[in-house]
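See structure below.
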Amino acid sequence: MGQIIQYIQSYRHSDLTPGAAGNMFWALVYIMLVFVGLSVAVIAMNWLERKILAHMQVRLGPMRVGPHGLLQPIADAIKLLLKEDIMPAEADALIFWVAPFVVVLAAFTVFVVVPFGPTHAITDMNIGILFMLGVSSLSVLGVVMAGWASNSHYPLIGALRSSAQMVSYEVAMGMAVVSAILMTSLHGLGPYGVSAASSGTGTLSMIGIVQAQNEQHVWFLFKFFPLGFIAFGIFAIAMVAETNRAPFDLPEAESELTAGFHTEYSGLRWSLFMLGEYAAMIAVSSIAVTLWLGGWYRPFANSLTGDTWDLVFSLFPGLIFLGLAAIAFVGVRRMPKHPYFRVQTIGLAGFGAVLGLIGLILFVPPVRDRIQDIFWFVAKVAGFMYLYIWYRATFPRYRFDQLMKVGWKVLLPIGIGVLILTAILGVVL
Amino acid sequence: MTDQNSSLSHLDLETPEKPFLDANELVINMGPQHPATHGVLRVILRLDGEKVLGLECVIGYLHRGVEKIGEHRTYTMFNPYVDRMDYVAAVSNGLGYCETVEKLLNVEAPPRAQYVRVILTELNRIASHQLWLGTHALDIGAITPLFYTFRDREEILKIYEKYCGARLTTHAFRIGGLQYETYAGFEKDVKNFLDFFRPKIDEYEELLTTNRIWVERTKNVGNISAQDCIALGVTGPVLRASGVKWDLRKAQPYANYKSFDFDIPIGQNGDTYDRYLVRMGEMRQSVRIVQQAVNALPEGPIMAKVPKVMKPAVGEVYHSIEAPKGELGYFIVSDGSTQPYRVRVRPPSFVNLQALDVMCRGQLVADVIAVIGTLDIVLGEVDR
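Below is the structure:
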C-alpha cells in the first residue's frame, strides 16, 4: 500500500513528465484531464465562435438556450446524439463508419506530446514534434475515406480538394517547423542580445524546444528577426489550410460543395468530424505556441524580471477568472426581472460563482505556482483560436488553383529560403 | 444553333471540350436545392476534375404563370402580380408595368408622382444591389458583408413600409401615378438615409475592393466580351461591365430621368470584378439621383386622370425600363377589353442567365458560383 502511494506521489517531486518518468498512474490521469479539457475546450470554442462571429457581423448569436446562449452547445450536442443515423444506401459501410473516428483519433492523439508545462504533459518524446506532425497529418486519411465512402459527387470533390490541400501545405509547414527546430541548437544574437555562451544541442522534444527558448532568452518568433517571424507566418498560414478553416475551407466550402466531404454525414458522425476539426485547430495552435511563442513561459520574461513581476504574472490566472465572474455578475444585474428569466438568472449567477471560486482557488500559492504554466499556454492557444474566428469573419474563400499556387509557389520557396538563411545565420553568428 | 443566331457562331458552343487525358467526365447536378444557386436554379455541370466543360441550366421550378395570369386580370388587378417576379426589386417591376399601361392609355403621371417614383425606384436599385452584394460575397466565402448590407437595406425597407405598408412586394405605384401621398417626414427620412448610406458604401468597399482574395477570386473570372453580351441580349450591369455604355435611363429616358444628372459607371474587362465595381458605382449614382429628386420634389397632384374602368384602345405597346438587373420590358397587347390580350415580360435575369454557359466554360467549379452570383439573377423573375 505504501509503495502504491509512493508510486503515485513520486510524480510530485519529479521534474519529468509522467510518461517520461514511466509513472502510469499519473500518465492515465493526464490522459483523462487532456481528454476532458479538450472536449470542454471544443464546446467552449463552439459557443465562442458563434458569439464572436455574430458580434463581428452585427448580430447577437445564440441567446435563447441559457443566459446568452451558454447552453447552446450542449443543446446542439443532445440534438446531434438523438438524430437518426443515416447512411447512404450505396455507401461503403465500413469505411463510412471508420472515417470520422480516424479524424478524431488523429486530432486527439497529437495531444500526447503537447507540453502544457515543464512537467504537465502526458509524455515527453524525444521526437515529439515529428510525432505531432505525423499524427496530425493522418486526419487527411479520414477525410479522404469519408469522401470516398460516401459514394457521392460533392463529398468526392471535397475529399480530393482536401487531400491535395493538406499534402501541399504540409510541405511548407514542415519547412517552417524545421527552421524553428534549427533555432534550438543555434545561439545567434537575437534582438535581445543573447550570449552565445551555452553550447547548443538541438532537440525535437516539445518540452526541449520550449526550454531552449527559455535558455536562449528569446521566443523563436523574435529570433534572427525577421526570420523567426517569417517562419511563424508561414506556419500560421499553413496551419489554417491544414485544418480546413476559412479562408482555406475549400473541402467543406458551403457555397460550392454544400458541405464537402461530410455532406452525407449526419448526427453523431457529423459531430465527430466537427470535434476532430476543432481539436485539430487546437492541436496546430499548440504546435505554433510551442515552437515560436515560448510555450508555457509568461510574456515579457526578459524585460520584466524579478520576484515582484513573477508574482504579478502569477496572479493573472486568478484575476482573469475573477474578471469573467465579474462579467457574469454584471450580466445577472442586467437580466430582465421577469419571472420567466429567473432560472436563467440563477444559472448565470451560479456560473459566475463557480468562475469566481476557481479564481480564488487560483490565488492560493501552491496552486498558483502549479497552474500558471498551463494558464499561459492555454492563453496563447486561445489567442490563435480567436484569430481563426477572425479570419472566418473577414476573408473570402480562396479558389482551389489559387490555394495551390499560394502553397507551392509562395509559401514553399519562402520557407526554404528562411530555412537556409536560418542555418547560415546560426553558423555565422 | 439556329440561323437567326448566326452571330453567336463564334462562341462555338456546340463543340464540347474533351476531358483531359480522356478521363471520364463528371456530371454534377447543382441545385435546385443548393446554397449558392439563389433559389431554385438547377445547373447540370459537366466537369473534368474541377474544370467546367459545359453546363446546362434547368429552370422552371418557380414558374407561376405570371404572364398567363395577366390575361385573366384587369389592368389594375394585374399590377400587384408583377411585384412577385423580381421580388427584391418589386418597385422597379411596378414602375415598368405602370408606365407601359400608361403608354397604352396615353396618360402621363403628374410631376410629383414621377419624382416620388424615381426616389422609390432608385432606393430599390440600392436595395437590390445590396442584396446582390451580400449574397455574392457570401458565395465567394466572405460571410460578413451579407449582414452589413442587410442591416443597411433594412433602412430602405422601413421607408417603404412607412410609405405603403409593405416591405418587399410593395405595390407602390398605380397606373397613372401614386395611390398614396407621401407621409409626413418622407423627405427627411430619405435624406437621413442618404447621409447614413454614403459612408456605408465605403465600408463595403473597404471590406472587399482591395481584399487580395476577393480580387483574385473575381478578376478574370466569368469574362464576357461586349460582342457576346450583345449577341446574347445581356443587359444591365453585366453589359456595362463589358464596356458598353448602355443604360435605358440615359438611352431611352423614361419617368423623368432626363432631369437628373448622373453618370453611367462602366467597366472594361467584363469580368466579375468589373461587374462588382460597376454595381458599386451604380449605388453611388443612385444616391446622387435620389438626392437631386428629393431636393427638387415638386408639389401637386399625384394621380393623373385615369378612367375607373380601363379599356385601352386596340393596339400593342412595348416599354422597357432599366431595372437593377438590366432591361425589364413589358409587351402588352390590348384587344379593347378590360383585360390585356397578352402580357409578355422581358425579364433581365432570364436573358442574362443565358450567358452563364459562355462565362463558365473552362473555369473551375468555384467560378460557377461566383458567376451565378455576379449575374445577379432572381429565380422568381427567370421563371415568372
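Sequence lines, in order, name chains G and F.
This note's numbering numbers the first residue of the first sequence as 1 and each following residue consecutively.
This note's numbering numbers the first residue of the second sequence as 1 and each following residue consecutively.
Ideal Cβ placement from N, Cα and C applies to all residues, glycine included.
Give me the Cβ distance between residue i and residue j, rounded to the nearest whole Å; I'm assuming they're in contact under 8 Å.
| i | j | result |
| --- | --- | --- |
| P111/F | G270/F | At roughly 38 Å, the Cβ-Cβ gap does not stay under 8 Å, so P111/F and G270/F are not in contact. |
| L80/G | S271/G | 4 Å |
| G174/G | L133/G | 7 Å |
| Y254/F | E99/F | 6 Å |
| R161/G | F400/G | 6 Å |
| G385/F | I140/F | The question about residue 385/F has no answer here: the residues shown for chain F are numbered 1 through 384. |
| R84/F | G380/F | 6 Å |
| L353/F | I377/F | 5 Å |
| L328/F | G185/F | Not a contact, Cβ separation roughly 31 Å. |
Expressed to the nearest angstrom, what Euclidean distance is found between the alpha-carbon atoms of residue i and residue j?
| i | j | result |
| --- | --- | --- |
| I264/F | Q33/F | 36 Å |
| R212/F | A246/G | 14 Å |
| L133/F | N126/G | 53 Å |
| G142/G | I374/G | 31 Å |
| I327/G | F316/G | 16 Å |
| Q57/G | D335/F | 54 Å |
| E108/F | V91/F | 18 Å |
| A127/F | V88/F | 8 Å |
| A393/G | L53/G | 6 Å |
| W309/G | W296/G | 16 Å |
| I209/G | K51/F | 45 Å |
| G70/F | D92/G | 53 Å |
| I143/F | P396/G | 8 Å |
| K245/F | L403/G | 36 Å |
| R298/G | T345/G | 36 Å |
| F224/G | G426/G | 9 Å |
| W214/F | W408/G | 20 Å |
| F116/G | F377/G | 6 Å |
| G94/F | M303/F | 15 Å |
| M385/G | T243/G | 12 Å |
| G31/F | C57/F | 10 Å |
| A159/G | L82/G | 27 Å |
| M77/F | K68/F | 13 Å |
| M32/G | H38/F | 47 Å |
| R125/F | F260/F | 16 Å |
Hey, would you say residue i sits closer than 7 Å to residue j, going by beta carbons?
| i | j | result |
| --- | --- | --- |
| L41/F | L55/F | no |
| L178/F | V116/F | yes |
| E316/F | V290/F | no |
| M283/F | I156/F | no |
| V29/G | L275/G | no |
| A283/G | A238/G | no |
| T235/F | P324/F | no |
| I224/F | A137/F | no |
| V238/F | R275/F | yes |
| F111/G | V34/G | yes |
| G318/G | G359/G | yes |
| L324/G | L355/G | yes |
| M183/G | V113/G | no |
| T218/F | T272/F | yes |
Can you confirm whether residue i, when its beta carbon is compared against all beta carbons of chain B, has any partner nearer than 7 Å?
| i | result |
| --- | --- |
| Q165/G | Of the chains in the structure shown, none is chain B; the protein chains are G and F. |
Nearest by alpha-carbon distance to residue i: which of the options is it?
| i | options | result |
| --- | --- | --- |
| M145/G | L94/G, V36/G, M32/G | L94/G |
| P226/G | D15/G, M24/G, L419/G, S285/G | L419/G |
| A89/G | G66/G, P118/G, S152/G, I122/G | S152/G |
| V306/F | V314/F, K103/F, I372/F | K103/F |
| K191/F | I159/F, I377/F, N220/F | I159/F |
| Y81/F | F173/F, L123/F, G31/F | F173/F |
| L228/G | F116/G, V289/G, L33/G | Here the sequence assigns Gly to residue 228/G, which means Leu is not the residue at that position. Nearest of F116/G, V289/G, L33/G to G228/G, Cα basis: V289/G. |
| K308/F | A184/F, G176/F, E99/F | G176/F |
| A107/G | L130/G, L38/G, W219/G | L38/G |
| I5/G | M385/G, W26/G, E170/G, D15/G | W26/G |
| A379/G | V140/G, L130/G, N46/G, S285/G | S285/G |
| D195/F | S320/F, I140/F, R288/F, P312/F | R288/F |
| D367/F | N79/F, V101/F, L47/F | L47/F |
| F329/G | H68/G, R64/G, D15/G | H68/G |
| N295/F | D189/F, R342/F, E181/F, R198/F | D189/F |
| Q211/G | A164/G, T119/G, V312/G, I8/G | T119/G |
| M281/G | S139/G, A121/G, P336/G | S139/G |
Got a sec: does the ligand ZN put a non-hydrogen atom nearer than 6 Å to the Cβ of residue i?
| i | result |
| --- | --- |
| F116/G | In terms of ligand content, the structure shown is empty, and the ligand ZN therefore cannot be addressed. |
Margin query: Which complete alpha helix (DSSP H) runs does the segment 94 to 170 of chain G hold, if anything under 4 residues is left out?
Written below: 128 to 136, 139 to 149
Next item on the list: Could you tell me which uninterrupted alpha helix (DSSP H) segments, each at least 4 residues in length, are contained entirely in the segment 222 to 307 of chain F, listed from first to last along the chain?
Entry: 226 to 232, 237 to 241, 248 to 251, 272 to 295
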